[in-house]
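Report on the structure given below.
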Amino acid sequence: MPSPCPNKQVCGSCGWSHIPYEKQIAQKLSDINGSFALKTLDLRCQHILPSPQTEHYRNRMDFVIDFEGRVGLREKGKWWRVIDGHACFLGDPRIDQLFGQVRAWVKTSGLSFFDRKSHEGFLRYAVIRATTRGETLVNLVTSAPLGDEESTLMTLPSVLGGSAHSGTQEPTVVWSINRTVTDVSFGSEVKTLSGNGWIEEQFGETRYRISPNAFFQTNSAGAPLLLQTVREFCNELSGKTLLDLYCGTGFFSVALAPMAKRTIGVELNEEAIRDARTNAQLNRVETDFIAAPTEAYDWSVHAADLVILDPPRSGMHDKALADILRIKPKEIVYISCNPKNFAREMVQLGQVYRVEAMRAIDLFPHTPHVELVTKLRLCSS
441 MPSPCPNKQV CGSCGWSHIP YEKQIAQKLS DINGSFALKT LDLRCQHILP SPQTEHYRNR
501 MDFVIDFEGR VGLREKGKWW RVIDGHACFL GDPRIDQLFG QVRAWVKTSG LSFFDRKSHE
561 GFLRYAVIRA TTRGETLVNL VTSAPLGDEE STLMTLPSVL GGSAHSGTQE PTVVWSINRT
621 VTDVSFGSEV KTLSGNGWIE EQFGETRYRI SPNAFFQTNS AGAPLLLQTV REFCNELSGK
681 TLLDLYCGTG FFSVALAPMA KRTIGVELNE EAIRDARTNA QLNRVETDFI AAPTEAYDWS
741 VHAADLVILD PPRSGMHDKA LADILRIKPK EIVYISCNPK NFAREMVQLG QVYRVEAMRA
801 IDLFPHTPHV ELVTKLRLCS S
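In our numbering, each residue's number is its place in the sequence shown (first place is 1) plus 440.
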């Protein structure tokens, strides 16, 4: 099957786009079960939900600006090379439109471009996000300013606003400053150049505020399936204390709070915690959100009946896993975007927990990645 991407051979964003989608789904299910077999686990995932949308599903794209002013995505296996002008058929169409405008502005701005070898230069990334509510955000990530770069940055909102189509909202534009040499698409200092400085998403009755550097589910069409599955696996929460570890902006905890007696969320990223608290207010639910590393926070004081785990792709910190095994909450709903790491952790978790339910959800079409949701119950309960 021909790939819909003209740069498939050189870009690493859609490695499976040449494979028919039905075969992608089958391969992902096979890969999950293969991970279990490698760890000699007596587990098998039987179900995988396909993404409702297989193209233009990503609500966030991180475009690299290289030292020669190329703007786009990286070449496969070559972190220092950028495919100039390459958007992506996985991105929301509004992201594609804004990308072209931002790219043209970058090339004519007169600002210097960041060199990832010498660590000199100013412009680093253009991160563009979009929501189903019609809101968009452009986040320019730069090095620390050396002069009056801000006055030039202030010209971007008028370029984007002036070219907005009739009936569409003007994007909010923010400036994130990364004062380190670390090559990341976010900064520790954020300034709003136009608009609110944040955008909102809504799934069902639940609203979410998303700040420029906060993590949020990237598949807007598939995220409700994930939320629905987690809600189903949590089952009856009435009278129970729910603890959401790695809670991010409160994606699960805010939606589930009305069902539980008490809800607590723990997250390392302080910006995400601020969003989570705002999201609780937006949805008029009572939750406690704590900014702390999961592995360093003593969550045993909450005596949680059910724990939601949604760690990053790298998996849980060893100390966090040890705490789970020591505290032994009765129920766990584990959301993993890396089934290989989940299988590794299940070698230990499986000694004290049994699997009650398991479901995969394809939130990443045309890539090898997949989301896996598992309900665990303490063997002695």
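Ideal Cβ placement from N, Cα and C applies to all residues, glycine included.
Backbone CA spacing between Trp615 and Val581 [nearest angstrom]: 6 Å
Met786 - containing alpha helix (DSSP H), residue span: 779-789
Which of helix, strand or coil DSSP assigns to Glu811: strand
Those runs of the alpha helix (DSSP H) which lie wholly inside the segment 487-528 and span at least 4 residues: none
C-beta atoms of Gly601 and Ile617 nearer than 8 Å: Result no, Cβ atoms of Gly601 and Ile617 do not sit closer than 8 Å.
Where Gln845 falls, given that 16 or more other Cβ within 10 Å makes a residue buried: There is simply no residue 845 to check, as the chain begins at 441 and stops at 821 in what is shown.
Residue environment, Gly688, which counts as buried when at least 16 other CB atoms sit within 10 Å: Buried: at least 16 other Cβ atoms inside 10 Å.
Ser634 vs Thr592 beta-carbon contact at 8 Å: no
Nearest to His882 (by Cα), restricted to the options Asp536, Val810, Lys557: A query on residue 882 cannot be resolved here, the shown segment of the chain reaching from 441 to 821 and no further.
Nearest candidate by alpha-carbon position, reference Leu489, set Asp802, His742, Arg556: Asp802
Asn499 and Asp532 closer than 8 Å at C-beta: yes
Beta-carbon contacts of Glu629 that lie in its chain and below 8 Å, excluding the five residues immediately before and after: Ser616, Ile617, Arg619
Cβ neighbour criterion (16 or more within 10 Å) applied to Met798: buried
Own chain residues within Cβ distance below 6 Å of Phe692, not counting five before or after: For Phe692, where only same-chain residues beyond five positions count, the Cβ hits under 6 Å are Val670, Asp684, Ile748.
Per-residue burial, Cys819 [other beta carbons within 10 Å of its own, 16 or more giving buried]: Classification of Cys819: exposed, given that the 10 Å Cβ count is below 16.
Cβ shell of His757 (< 6 Å), same chain only, five flanking positions each side left out: Glu735
Bridge partner(s) assigned by DSSP for Ser634: Val613, per the DSSP bridge assignment.
Stretch pair the segment 517-526 + the segment 473-487: three plus CB contacts closer than 8 Å: no
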